[in-house]
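Engineer: Protein sequence lines, in the order shown, are assigned to chains A and B. Taking this note's numbering, I'd label the letters of the first sequence as residues 8 to 162. Taking this note's numbering, I'd label the letters of the second sequence as residues 8 to 162.
2 protein chains.
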Amino acid sequence: MPVEIERKFLVDKTLWGKLEKPAGNLFRQGYLHADPEKTIRVRVTDTTGFITIKGATSGTSRLEYEYEIPKKEAEELLDNFAENGLTKFRYFMPFQGKTWEVDEFLAENEGLMIAEIELHSEDETFEKPAWIGAEVTGQKKYYNSQLSVNPYKNW
Amino acid sequence: MPVEIERKFLVDKTLWGKLEKPAGNLFRQGYLHADPEKTIRVRVTDTTGFITIKGATSGTSRLEYEYEIPKKEAEELLDNFAENGLTKFRYFMPFQGKTWEVDEFLAENEGLMIAEIELHSEDETFEKPAWIGAEVTGQKKYYNSQLSVNPYKNW
Numbered sequence: 008m009p010v011e012i013e014r015k016f017l018v019d020k021t022l023w024g025k026l027e028k029p030a031g032n033l034f035r036q037g038y039l040h041a042d043p044e045k046t047i048r049v050r051v052t053d054t055t056g057f058i059t060i061k062g063a064t065s066g067t068s069r070l071e072y073e074y075e076i077p078k079k080e081a082e083e084l085l086d087n088f089a090e091n092g093l094t095k096f097r098y099f100m101p102f103q104g105k106t107w108e109v110d111e112f113l114a115e116n117e118g119l120m121i122a123e124i125e126l127h128s129e130d131e132t133f134e135k136p137a138w139i140g141a142e143v144t145g146q147k148k149y150y151n152s153q154l155s156v157n158p159y160k161n162w
Numbered sequence: 008m009p010v011e012i013e014r015k016f017l018v019d020k021t022l023w024g025k026l027e028k029p030a031g032n033l034f035r036q037g038y039l040h041a042d043p044e045k046t047i048r049v050r051v052t053d054t055t056g057f058i059t060i061k062g063a064t065s066g067t068s069r070l071e072y073e074y075e076i077p078k079k080e081a082e083e084l085l086d087n088f089a090e091n092g093l094t095k096f097r098y099f100m101p102f103q104g105k106t107w108e109v110d111e112f113l114a115e116n117e118g119l120m121i122a123e124i125e126l127h128s129e130d131e132t133f134e135k136p137a138w139i140g141a142e143v144t145g146q147k148k149y150y151n152s153q154l155s156v157n158p159y160k161n162w
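(1) Thinking C-alpha only, which one of B:ILE47, B:MET100, B:MET8 and B:ALA89 is nearest ILE139 (chain B)?
(2) Please list the terminal residues of the continuous alpha helix (DSSP H) segment that includes PHE88 (chain B).
(3) My parser needs the beta strand (DSSP E) runs of 3 or more residues fully inside the region 96-145 of chain B; what are they?
(4) Check the Cβ of PHE57 (chain A) against every Cβ in chain B and list those closer than 8 Å, keeping chain order.
(5) What residues in the region 59-90 of chain B bring their beta carbon closer than 8 Å to a beta carbon of chain A?
(6) Out of A:GLY24, A:ALA41, A:GLY56 and A:ASN91, state which residue places its alpha-carbon closest to the alpha-carbon of ASN32 (chain A).
(7) Anything in chain B within Cβ reach of ILE12 (chain A), meaning under 7 Å, just list it in chain order.
(8) Taking CB distances under 8 Å as the criterion, tell me whether MET8 (chain B) reaches chain A.
(9) Could you pull the DSSP bridge partners for GLY56 (chain B) from this structure?
(10) Can you tell me which of the three DSSP states GLY92 (chain A) falls into?
(11) Report the three-state DSSP secondary structure of LEU154 (chain A) (helix, strand or coil).
(12) Whose CA, out of A:LYS78, A:GLU83 and A:ALA63, lies closest to the CA of GLN146 (chain A)?
(13) Between the beta-carbon of THR106 (chain A) and the beta-carbon of PHE34 (chain A), is there less than 8 Å?
(14) For LYS45 (chain B), decide whether its Cβ has a neighbour in chain A, counting only Cβ atoms nearer than 8 Å.
(15) Spatial neighbours of TYR98 (chain B) within its chain, please: C-beta separation below 6 Å, excluding the five flanking residues on both sides.
(16) Return the CA-CA distance between THR144 (chain B) and ASN87 (chain A), expressed in angstroms with no decimal places.
(17) Which residues, in order along the region 112-133 of chain B, keep a beta-carbon less than 7 Å from a beta-carbon of chain A?
(18) Cβ atoms of TYR38 (chain B) and TYR74 (chain A): under 8 Å apart, would you say?
(19) Output yes or no for whether 8 Å exceeds the beta carbon distance between THR59 (chain A) and ARG69 (chain A).
(20) Nearest by alpha-carbon distance to LYS61 (chain A): which of A:GLU82, A:GLY92 and A:GLU11 is it?
(21) Is the CB of LEU3 (chain A) under 8 Å away from at least one CB in chain B?
(22) Does DSSP classify GLY62 (chain A) as helix, strand or coil?
(23) Can a CB atom of chain A be found closer than 8 Å to the CB of LEU39 (chain B)?
(24) Using a Cβ-Cβ cutoff of less than 8 Å, which residues in the same chain neighbour GLU44 (chain A) once the five nearest sequence positions on both sides are dropped?
(25) Could you give the residue range of the alpha helix (DSSP H) that holds LYS25 (chain A)?
(26) Looking only at its own chain, which residues have a Cβ that is under 6 Å from the Cβ of GLU71 (chain B), when we skip the five neighbours before and after it?
(27) With DSSP run on the structure shown, which of helix, strand or coil describes LYS28 (chain B)?
(28) Candidates B:THR54, B:PHE16, B:GLU13 and B:SER128: which alpha carbon is nearest ALA81 (chain B)'s?
(29) Report the rounded CA-to-CA distance for GLY92 (chain A) versus SER152 (chain A), giving the unit in angstroms.
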């Protein structure tokens with residue numbers, strides 16, 4: 008079964024601001040269903056759409072099923088069926104053989120940045136760039152599904 | 008936006024039993040989310056899988072988005088994420104230029120048969136085969152999502 012293993016970290020915004028980096032991709036996403044055992048997310052990127060079903064997190068792992076769908080239909084699903092959502096720029100940052108996914112949240116979550124790294128096993132080791140801050144893996148308030156209902160500006 | 012327009016009828020089981028018909032396709036399905044405004048269904052057929060998002064029914068119409076997914080993943084989604092489900096044989100029955108979809112329910116819904124016809128508009132006219140019985144369009148207890156929680160044997 009497809010399992011996502013990932014760790015999450017805050018980002019040092021001062022160091023991040025000094026980096027040369029590629030343009031971010033604008034992501035808009037919302038949830039058709041969200042509870043601790045299951046989230047059903049629809050995401051719209053610059054070019055396409057996705058529907059993603061994720062299970063409960065156990066440590067750093069969770070079941071994840073993702074399907075690409077037409078962008079226009081993903082937009083309609085968000086408009087018709089998602090109660091909460093968020094927007095963010097995503098940056099893909101290669102470092103020492105891994106790619107970090109860095110999210111710069113917008114709107115109600117402006118000011119928050121989170122970096123994620125996907126691993127092949129829970130005990131895989133990796134190098135951290137200088138701009139990686141404190142680890143927040145497993146902290147529920149940093150889940151995107153949580154940020155869509157209790158955004159950063161309310162913390 | 009993709010809208011499904013459909014009408015539902017009971018089936019005269021005596022007349023149905025005398026028909027020559029193709030073999031039925033075994034469908035297993037369950038719900039990742041079900042409320043009056045939105046259902047998220049996963050279906051496994053003989054050959055493949057589907058994830059389908061449907062909106063609230065208004066008259067004979069509802070929004071419907073359907074995506075084909077690998078059969079094995081559909082089975083895993085049902086096993087991991089669906090709380091209720093049902094199984095049925097589906098028959099595709101051509102008649103006067105339209106195709107009726109006839110469901111013969113199994114297990115907890117054994118004894119129930121429903122025929123559906125998809126229309127291009129709410130007022131489209133069509134011919135009914137002799138084995139079509141009373142119309143049940145819009146009757147909630149006949150929704151598949153309802154049959155998965157309150158099956159026919161409990162009525």
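Don't be surprised by glycine CBs; every beta carbon is placed ideally from N, CA and C.
Structural biologist: Reading from the atomic positions:
(1) For the purposes of this step, residue 139 (chain B) is taken as the residue at position 132 of the second sequence. It is B:MET100.
(2) Here residue 88 (chain B) is taken as the residue at index 81 of the second sequence, counted from 1. Its alpha helix (DSSP H) spans residues 78-88.
(3) 105-112, 120-125 and 139-142
(4) Along the first sequence, one-based indexing puts residue 57 (chain A) at 50. By Cβ distance, chain B contributes nothing, its closest Cβ being about 11 Å from PHE57 (chain A), past 8 Å.
(5) ILE60, GLY62, LEU70, TYR72, TYR74, ILE76, GLU80, GLU83, LEU84, ASN87 and PHE88
(6) Numbered from 1 along the first sequence, position 25 holds the residue referred to as residue 32 (chain A). Considering only alpha carbons, the answer is A:GLY56.
(7) Locating residue 12 (chain A) in the first sequence gives position 5, counting from the first residue. Under the 7 Å cutoff, chain B gives no residues; its nearest Cβ is about 17 Å from ILE12 (chain A).
(8) Numbered from 1 along the second sequence, position 1 holds the residue referred to as residue 8 (chain B). By this cut-off, MET8 (chain B) is an interface position.
(9) Reading the second sequence from its first residue, position 49 is the one you call residue 56 (chain B). GLY56 (chain B) is bridged to B:VAL51 and B:ILE76.
(10) As a working mapping, residue 92 (chain A) is identified with position 85 in the first sequence. Correct three-state label for GLY92 (chain A): strand.
(11) Mapped onto the first sequence, residue 154 (chain A) falls at position 147. In the structure shown, LEU154 (chain A) sits in a helix (DSSP, three-state: H, G or I).
(12) In the first sequence, counting from the first residue as 1, residue 146 (chain A) sits at position 139. Of the residues A:LYS78, A:GLU83 and A:ALA63, the one whose Cα lies closest to the Cα of GLN146 (chain A) is A:ALA63.
(13) In the first sequence, counting from the first residue as 1, residue 106 (chain A) sits at position 99. In the first sequence, counting from the first residue as 1, residue 34 (chain A) sits at position 27. No, these two residues do not count as a Cβ contact at 8 Å.
(14) As a position in the second sequence, residue 45 (chain B) is number 38, starting the count at 1. Interface residue, yes.
(15) Locating residue 98 (chain B) in the second sequence gives position 91, counting from the first residue. Contacts found: LYS28, GLY31 and VAL109.
(16) Within the second sequence, the letter at position 137 stands for residue 144 (chain B). Within the first sequence, the letter at position 80 stands for residue 87 (chain A). Roughly 23 Å between the two C-alpha positions.
(17) none
(18) Walking along the first sequence from the start, residue 74 (chain A) turns up at place 67. Walking along the second sequence from the start, residue 38 (chain B) turns up at place 31. Contact flag unset, no.
(19) By 1-based counting over the first sequence, the position of residue 59 (chain A) is 52. By 1-based counting over the first sequence, the position of residue 69 (chain A) is 62. No, they are not a contact pair.
(20) Here residue 61 (chain A) refers to the residue found at position 54 when the first sequence is read from its first residue. Here the closest residue by C-alpha is A:GLU11.
(21) Since the displayed chain A opens at 8 and closes at 162, residue 3 (chain A) lies outside it and no answer follows.
(22) By 1-based counting over the first sequence, the position of residue 62 (chain A) is 55. Correct three-state label for GLY62 (chain A): strand.
(23) Mapped onto the second sequence, residue 39 (chain B) falls at position 32. At least one chain A Cβ lies under 8 Å of LEU39 (chain B).
(24) Translated into positions along the first sequence, residue 44 (chain A) becomes position 37. Excluding its 5 nearest sequence neighbours in each direction, GLU44 (chain A) has C-beta neighbours in its own chain below 8 Å: GLY62 and ALA63, listed in chain order.
(25) Taking the first sequence and counting its residues from 1, the one referred to as residue 25 (chain A) is at position 18. It spans 20-25 - the alpha helix (DSSP H) in which LYS25 (chain A) sits, taken as one unbroken run.
(26) Along the second sequence, read from residue 1 onward, the residue named residue 71 (chain B) stands at position 64. Here the set comprises PRO9, GLU11 and LYS61.
(27) For this step, residue 28 (chain B) is matched to residue 21 along the second sequence. In the structure shown, LYS28 (chain B) sits in coil (DSSP, three-state: anything other than H, G, I, E or B).
(28) Counting from one through the second sequence, the residue named residue 81 (chain B) turns up at place 74. Checking every option, the nearest Cα to that of ALA81 (chain B) belongs to B:THR54.
(29) What you label residue 92 (chain A) is simply residue 85 of the first sequence in a count that begins at 1. What you label residue 152 (chain A) is simply residue 145 of the first sequence in a count that begins at 1. For GLY92 (chain A) and SER152 (chain A), the distance between alpha carbons rounds to 8 Å.
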